[in-house]
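Asks: Let me begin by handing over the structure; questions about it come next.
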Amino acid sequence: MKVLFLISEVEDIVKTGGLADVGKALPLALSELDHDVKIILPYYKAASDTLNLSNCIAQQILYVNDKPYAFDVKNLNFNGIDVYFVDYPEYFNSGALYDESGISNAEKFTFFSLAALRTAEAIGFKPDVLHANDWHTSMACYFAKHSPLSYEHFANTKSVLTVHNAAFQGVEQTLKVPSLDSKAPGMYIENDHINMLKTGLLYADKICPVSQTYAQEISTALGSHGIDDVIRQRINSVEGILNGCDYEQWDPSTDEFIAAHFSSEDMQGKVACKKDLQRTFGLRQNAKTPLLGMVCRTTLQKGFGYLMPILESLLDHDVQLALVGTGQKDITDELHRIAAKHPKQFVFIEDFKPDYAHKVEAGADFFLMPSEFEPCGLNQMYSLAYGTVPIVRGIGGLKDTIINYGEENSTGFVFQEPSSEALLSVIRKALLVRLEAKKEFSALISRGMKQKFTWEEAAEKYSEVYSGLKSH
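Throughout the sequence shown, residue numbering follows the UniProt record's numbering, covering 1 to 472 in sequence.
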């Protein structure tokens, strides 16, 4: 099928987080299944400085509320896929991808959704499927059906909206979004504020949260971040599809960032990786001391509301903790304070470096993901591949990928209750199993390393979704 893939970032072009991984991996996997995929994303300064592309078609002009928006279109062949860029410097030429020092992101990405549809029309691409991702591009699902600027070209197009994180919805005063067509009714507007994600959810033909459990969670008041009203209206159109993992980048037998290679058949290299992690982070070099790792944003979403109250109690045990991340200042300040108090046990690096992330995954015995919510999660998949036992809260994609110790085919340790006490209890349980049930612990690691969550499998499921939409 012809698939128009709209997303705000793509790995190896522009990236701020995990969304970019999807922007690269999923279109490539879909292309391998013989879909004709074209990606459209903004021509950010970061991309223009690196790529320096020429215009590929004549300048396009959109008129919205009598205001002209003239933009250029660039083109790049990216691993065999055509990527088109909407070049509108007034919105996308700042240093940061989501800079709001001048114009709101809601305005930028509302415009981008319209401009992306116009770009598809200008290059003569009539998609069978419009695949949007998160709030940044969700308005395209609405515009394809309701904007007189675009709906004729997309009359036979079905739309899919992948929900990566419903906590971010693109809410803004309508007055601050001049690229909204005031003559096109039916958007989700409340108290003179547009909700871009909810608008997309109302009009997408299929809604695909990034795990099966997250699909259930966002239909509830507790787990939906306030979108449950719309999700319940569209519940028959919701289907969770788990993200994949890039095992070319995350393979302990080939990883260029780690001290020694290893596999489930030969784990000797993991001992060297643990020593290297301890040396690099300034921890005592002791193979017997349990080493816990974390690589994440230091935010409440990632479970720091549960971790911080019990962190010093955890360090009363003979354990080490290597934590890498950036985020909320109050959390990072406290992490620095505790790390200074326990320098040989706990190291906090307020930064993000790919080599550190790989070293932690390869060298730690356990990986902590006590998330408040986690739509999909990737680090638990990396941890399994590296023989690093995940300790996770049983929500979202974490529940769908980790089987709790004590259950058949277990691969990690899972706690449910959203509390510090429950987190400390499950960590103590994991430490005890490692110490006293060595054969079971080794079997747990071995099973985990054999798990695979691939983008090929995700692409197959999206293909089934596309086919189901086409047949209706």
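Even glycine gets a Cβ: it sits at the ideal position worked out from N, Cα and C.
Classify Pro343 as helix, strand or coil using the three-state DSSP reduction.
Replies: Coil.
Asks: Determine the DSSP secondary structure at Phe78, reduced to helix, strand or coil.
Replies: In this structure, Phe78 counts as strand in the three-state DSSP scheme.
Asks: Rounded to the nearest angstrom, what separates Ile57 and Lys2 at their Cα positions?
Replies: Roughly 20 Å separates the two Cα atoms.
Asks: Below 8 Å on the Cβ atoms is my contact criterion, and I expect His336 with Leu315 to pass it. Report the Cβ-Cβ distance as a whole number of Å.
Replies: Going by Cβ atoms, the distance from His336 to Leu315 rounds to 14 Å, so no, they are not a contact pair.
Asks: Where do the N-terminal and C-terminal ends of the beta strand (DSSP E) with Ser113 fall, by residue?
Replies: That residue, Ser113, is in no beta strand (DSSP E); its alpha helix (DSSP H) goes Asn105 to Ala122.
Asks: Short of 6 Å in beta carbon distance, which residues of its chain neighbour Gln59, apart from the five on each side in sequence? Order them along the chain.
Replies: Once the five neighbours on either side are set aside, the close Cβ partners of Gln59 are Ala70 and Asp72.
Asks: What does DSSP give as the partner residues of Ile331 in its beta bridges?
Replies: Bridge partners of Ile331: none, in fact.
Asks: Throw me the rounded Cβ distance for the Pro418 and Glu372 pair, which I believe falls under 8 Å.
Replies: With 8 Å as the limit, Pro418 and Glu372 qualify as a contact, their Cβ atoms being about 7 Å apart.
Asks: Going by DSSP, name the residue or residues bridged to Cys141.
Replies: Its beta-bridge partners do not exist; DSSP assigns none.
Asks: Which of the three DSSP states, helix, strand or coil, is assigned to Glu456?
Replies: The answer is helix: DSSP assigns Glu456 an H, G or I state.
Asks: Could you pull the DSSP bridge partners for Gly293 from this structure?
Replies: In the DSSP output, where bridge partners are listed per residue, Gly293 has Ala322 and Phe367.
Asks: Per the DSSP calculation, Val271 is bridged to which residue(s)?
Replies: Partner(s): none; Val271 has no beta bridge.
Asks: Below 8 Å on the Cβ atoms is my contact criterion, and I expect residue 473 with Gln173 to pass it. Report the Cβ-Cβ distance as a whole number of Å.
Replies: Because the chain in this structure spans residues 1 to 472, residue 473 falls outside the shown range and cannot be described.
Asks: Expressed to the nearest angstrom, what Euclidean distance is found between the alpha-carbon atoms of Ser138 and Gly95?
Replies: Each residue's alpha carbon lies about 24 Å from the other.
Asks: May I ask which residues mark the beginning and end of the alpha helix (DSSP H) holding Ile427?
Replies: That run of the alpha helix (DSSP H) goes Ser420 to Glu436.
Asks: If you draw a straight line from the alpha carbon of Arg279 to that of Asn191, how long is it in whole angstroms?
Replies: Approximately 56 Å between the Cα atoms of the pair.
Asks: Less than 8 Å separating the beta-carbons of Thr326 and Arg297?
Replies: Result yes, Cβ atoms of Thr326 and Arg297 sit closer than 8 Å.
Asks: How is the alpha helix (DSSP H) around Asp21 delimited, first residue to last?
Replies: Note, Asp21: alpha helix (DSSP H), Gly18 to Glu32.
Asks: Just the Cα atoms here: how many angstroms apart are Leu62 and Leu26?
Replies: Whole-angstrom Cα-Cα distance: 30 Å.
Asks: Of the residues Ile235, Leu201 and Asp229, which one's Cα is nearest the Cα of Gln212?
Replies: Of Ile235, Leu201 and Asp229, the residue nearest in Cα terms is Ile235.
Asks: Taking Cβ to Cβ, would you say Lys198 is nearer than 8 Å to Val230?
Replies: A contact, by the Cβ cut-off of 8 Å.
Asks: Go to Ala132, then tell me how far its beta strand (DSSP E) extends in each direction, as first and last residue.
Replies: Where Ala132 is concerned, the enclosing beta strand (DSSP E) stretches over Val129 to Asn133.
Asks: Relative to the C-alpha of Gly396, which candidate in Ser383, Val64 and Gly377 has its C-alpha closest?
Replies: The option with the nearest alpha carbon to Gly396 is Gly377.
Asks: On the DSSP bridge list, what partners appear for Ala70?
Replies: Ala70 is bridged to Ile61.
Asks: Can you tell me where the alpha helix (DSSP H) holding Arg234 begins and where it ends?
Replies: That residue, Arg234, is in no alpha helix (DSSP H); it is neither H nor E in DSSP.
Asks: Is His358 helix, strand or coil by DSSP?
Replies: Looking at His358 - three-state DSSP - the assignment turns out to be helix.
Asks: If Asn65 sits next to Asp181, beta carbons under 8 Å apart, how far is it from one beta carbon to the other, in whole angstroms?
Replies: With 8 Å as the limit, Asn65 and Asp181 qualify as a contact, their Cβ atoms being about 7 Å apart.
Asks: Can you give the Cα-Cα distance for Phe257 and Met381, rounded to whole angstroms?
Replies: The alpha-carbon atoms of Phe257 and Met381 are separated by roughly 18 Å.
Asks: Can you tell me whether Leu368 is buried or exposed, with buried defined as 16 or more other CB within 10 angstroms of its CB?
Replies: With 16 or more other Cβ atoms within 10 Å, it is buried.
Asks: By the three-class DSSP mapping on this structure, what secondary structure does Lys288 have?
Replies: In this structure, Lys288 counts as coil in the three-state DSSP scheme.
Asks: For my contact list, Ile227 and Ala132 are in at a C-beta cut-off of 8 Å; report their separation, rounded to the angstrom.
Replies: The pair is not a contact, with the Cβ atoms about 15 Å apart (cut-off 8 Å).
Asks: Is it right to say His136 is buried, meaning 16 or more other beta carbons lie within 10 angstroms of its own, or is it exposed?
Replies: His136 comes out buried.
Asks: For Ser383, report the span of its alpha helix (DSSP H) as first-last.
Replies: Looking at the DSSP string, the run of the alpha helix (DSSP H) that includes Ser383 is Asn379 to Ala385.
Asks: Please state if the CB of Val86 and the CB of Pro148 are separated by a distance shorter than 8 Å.
Replies: The answer is no: Cβ separation not under 8 Å.
Asks: Would you identify the three-state DSSP class for Ile391, choosing helix, strand or coil?
Replies: DSSP places Ile391 in strand when its eight states are reduced to three.
Asks: Between the region 403 to 418 and the region 338 to 356, are three or more C-beta pairs nearer than 8 Å?
Replies: No: fewer than three Cβ pairs fall under 8 Å.
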